[in-house]
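Have a look at the structure below, then the notes.
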Amino acid sequence: MQVPVESISKDEFLEGQILLLDKPLGWTSFQAVNSVKWTIRRKFQLKKFKIGHAGTLDPLATGLLVVCTGKFTKKIPELQGQLKEYTGTITLGAITPSYDLETEVEEISNTEDLTRQKIIDATLMFTGKIEQKPPLFSALKKDGKRLYEYARKGTVVEVPARTVEILVFEITDIKLPDVHFRVVCSKGTYIRSLAHDFGKALGVGGHLSALRRTKIGEYYVDNAVDPTIFRELLLQE
Numbered sequence: 000m001q002v003p004v005e006s007i008s009k010d011e012f013l014e015g016q017i018l019l020l021d022k023p024l025g026w027t028s029f030q031a032v033n034s035v036k037w038t039i040r041r042k043f044q045l046k047k048f049k050i051g052h053a054g055t056l057d058p059l060a061t062g063l064l065v066v067c068t069g070k071f072t073k074k075i076p077e078l079q080g081q082l083k084e085y086t087g088t089i090t091l092g093a094i095t096p097s098y099d100l101e102t103e104v105e106e107i108s109n110t111e112d113l114t115r116q117k118i119i120d121a122t123l124m125f126t127g128k129i130e131q132k133p134p135l136f137s138a139l140k141k142d143g144k145r146l147y148e149y150a151r152k153g154t155v156v157e158v159p160a161r162t163v164e165i166l167v168f169e170i171t172d173i174k175l176p177d178v179h180f181r182v183v184c185s186k187g188t189y190i191r192s193l194a195h196d197f198g199k200a201l202g203v204g205g206h207l208s209a210l211r212r213t214k215i216g217e218y219y220v221d222n223a224v225d226p227t228i229f230r231e232l233l234l235q236e
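Below, the structure written as structure tokens:
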């Protein structure tokens, strides 16, 4: 469990802390980190200090964001390499260009013929080391530009597949067209791509309709704090 925010001193922030944030829905990871940065600067009248996070979450995702300050920013590459756990929902029978709810539904299919066993069996195709293509609507760069910049202009670019590892792909509930899941995976795994590919494998298409990161390495979202609460605790508003 992280140290109570209000008990962390100026020198301790500067020396190095690992802060666990529960990123709210609709916030970018940058906004969450920036909120914490602003709070610490205001509290201690600081002009500059090091701060960064270990693994971006999309605005439509919630959950654990590990933030490092001071000398602990050197730990970021190590933390980014840790296994991550997610829970969420895949909506079958509909696809979107972004593989989630950022863009409008393009195509709808009937899911009536899907059985529980067929859905569970399909998870085996995505367990272990797999080849996965990142979404076109992502922050990865190609020729100096973010992929989402190409995608929003309708420009088609070839995105190479990458090897990722999915250690656990568990179906926790099925209420068609929604399928609820838990995934434990390696660095670089896109859950949006998993949702898209899973729907494709079932022959009906699918997209990610909810996502929450619950764990990174040994750090749990249960011990994390909302950025707004972080501000209230540190500033005692």
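Numbered per numbering that gives the first Met the number 0, the sequence shown spans residues 0 to 236.
Think of the CB as a built atom: it goes at the ideal place given N, C-alpha and C, for glycine as much as any other residue.
Is the number of C-beta pairs between the region 61–69 and the region 202–220 that are closer than 8 Å three or more?
-> yes
For H52, which residues from the same chain have a beta carbon less than 7 Å from its beta carbon, with the 5 sequence-adjacent residues on both sides left out?
-> S28, V32, L64, V65 and V66
Buried or exposed (CB count within 10 angstroms, at least 16 for buried), T171 | exposed
Look at the alpha carbon of P226 and the alpha carbon of R212, and state the distance between them as a whole number of angstroms.
-> 16 Å
Taking Cβ to Cβ, would you say Q235 is nearer than 8 Å to S192?
-> no
Does DSSP put F48 in a helix, in a strand, or in coil?
-> coil
Terminal residues of the continuous alpha helix (DSSP H) containing E77?
-> I75 to Q79
How is Q1 classed by DSSP in three states: helix, strand or coil?
-> coil
Whole-angstrom distance between I118 and L201, CA atom to CA atom | 7 Å
Close beta carbons around T126, own chain, < 8 Å, minus the five adjacent residues each side | I165, L166, V167 and F168
Got a sec, what are the start and stop residues for the beta strand (DSSP E) S208 sits in?
-> G205 to I215
Quick one: what's F29 bridged to in DSSP?
-> The partner list for F29 (beta bridge, DSSP) is empty, contrary to what the question assumes.
Cβ shell of T55 (< 6 Å), same chain only, five flanking positions each side left out = S28
Does the Cβ-Cβ distance between L82 and G216 come in under 8 Å?
-> yes
Supposed close pair H179, T88 - CB separation, criterion 8 Å | 5 Å
Starting from G87, trace the alpha helix (DSSP H) both ways and give me its first and last residue.
-> Unbroken run through G87 is the beta strand (DSSP E), K83 to L91; no alpha helix (DSSP H).
Near I129, which residues of its chain fall below 8 Å by C-beta distance, leaving aside the five closest residues on each side in sequence?
-> T162, V163, E164 and I165
How is I118 classed by DSSP in three states: helix, strand or coil?
-> helix
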